[in-house]
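**Q** Here it is: the structure, laid out below.
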Amino acid sequence: MTISEFRQYAKKWSKGQDPVKLLFPLDRLRLLPANKKRKTHAVDYRSFVDSEGHWNIYPIAIDNYHVYIVCPFCQKIHIHGNNKGHYEGPRCPHCFPVQANSYNILDISDTLKRKEENSMTLNKLKTRAKAHDLFIRKDGKGGYLLTDFLNRLMAPGPMTLEEVEMWLDDLDEHQQ
Ligand SMILES: [Zn+2]
């Protein structure tokens with residue numbers, strides 16, 4: 006169904022014995038077309054392609070028997086089975102005439118865990134960078150930059166936190 010249809014659907018089924026529970030504010034999806042009131046397509050920014058080329062997707066809503074996701078292929082809402090809260094795992098999108106690569110539905114509690122882990126790692130790395138008079142700055146697009154106090158790049162950026170860590174490992178080694 007389209008995102009507009011899903012909005013109606015979620016509203017209709019928000020009460021009762023098996024309510025549809027929203028897990029993500031629908032307005033935080035990218036809704037298309039941007040210039041029309043009736044939105045037909047959606048993009049979930051949380052979705053990402055892993056190193057094996059598979060899409061990984063977080064649910065936007067669940068009820069006792071279903072999980073609802075934004076399909077990265079057709080940008081519509083797909084419904085998959087939810088076995089008493091166990092909805093994670095690889096699923097086949099049903100929108101393509103040719104079998105598309107399956108996508109993987111992730112447990113939403115993982116996002117919160119990952120955010121927490123990331124901020125802990127970032128704080129540790131900031132302390133390590135400081136020992137070299139360096140700073141770690143966010144580039145605003147999910148990447149990290151290693152700079153000096155004049156904001157000059159000290160390593161090719163943007164990097165992932167793992168890459169920043171490798172640079173710091175090298176710098177530490179150099180100093181010993
Ligand atoms: Zn689809």
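Under the numbering used here, the residue at position 169 of the sequence shown is numbered 174, and the numbers go up by one with no gaps. The beta-carbon is built from N, C-alpha and C at its ideal position, and this holds for glycine as well. All values reported here derive from a predicted model rather than from experimental measurement.
1. Report buried or exposed for residue 30, applying the criterion of at least 16 other Cβ atoms within 10 angstroms of its Cβ.
2. What is the residue span of the alpha helix (DSSP H) that residue 172 lies within?
3. Quick one: measure Cβ to Cβ for residue 140 and residue 152, integer angstroms, because I've assumed they're closer than 8 angstroms.
4. How is residue 35 classed by DSSP in three states: helix, strand or coil?
5. Can you tell which of 106, 46, 20 has the C-alpha that lies nearest to the C-alpha of residue 59?
6. Quick check on the burial criterion: 16 or more other C-beta atoms within 10 angstroms. Buried or exposed for residue 97?
7. Using beta-carbon positions only, say whether residue 47 and residue 75 come within less than 7 angstroms of one another.
8. DSSP on residue 44, reduced to helix/strand/coil?
9. Taking only heavy atoms of ligand 1 into account, decide whether any of them is closer than 6 angstroms to the Cβ of residue 161.
10. Go ahead and label residue 36 buried or exposed: buried means 16 or more other beta carbons lie within 10 angstroms of its beta carbon, across all protein chains shown.
11. How about residue 97: is its Cβ closer than 6 angstroms to a heavy atom in ligand 1?
12. With respect to the alpha helix (DSSP H) encompassing residue 14, which residues constitute its N-terminal and C-terminal limits?
**A** Taking the coordinates as given:
1. With fewer than 16 other Cβ atoms from the protein chains shown falling within 10 Å of its own Cβ, residue 30 counts as exposed.
2. In the DSSP assignment, residue 172 falls within the alpha helix (DSSP H) that extends over 166 to 180.
3. Going by Cβ atoms, the distance from residue 140 to residue 152 rounds to 5 angstroms, so yes, they are a contact pair.
4. The answer is strand: DSSP assigns residue 35 an E or B state.
5. Comparing Cα-Cα distances from residue 59 to each of 106, 46, 20, the minimum goes to 106.
6. So residue 97 ends up on the exposed side.
7. By the CB criterion at 7 angstroms, residue 47 and residue 75 fall inside the cutoff.
8. Residue 44 carries a coil assignment under DSSP once its states are collapsed to helix, strand and coil.
9. Checking the Cβ of residue 161 against ligand 1 gives no.
10. Taking a 10 Å sphere around the C-beta of residue 36, we find 16 or more other C-beta atoms and assign the residue as buried.
11. Residue 97 has its Cβ no nearer than 6 angstroms to any heavy atom of ligand 1.
12. Per DSSP, residue 14 is one residue of the alpha helix (DSSP H) stretching across 8 to 17.
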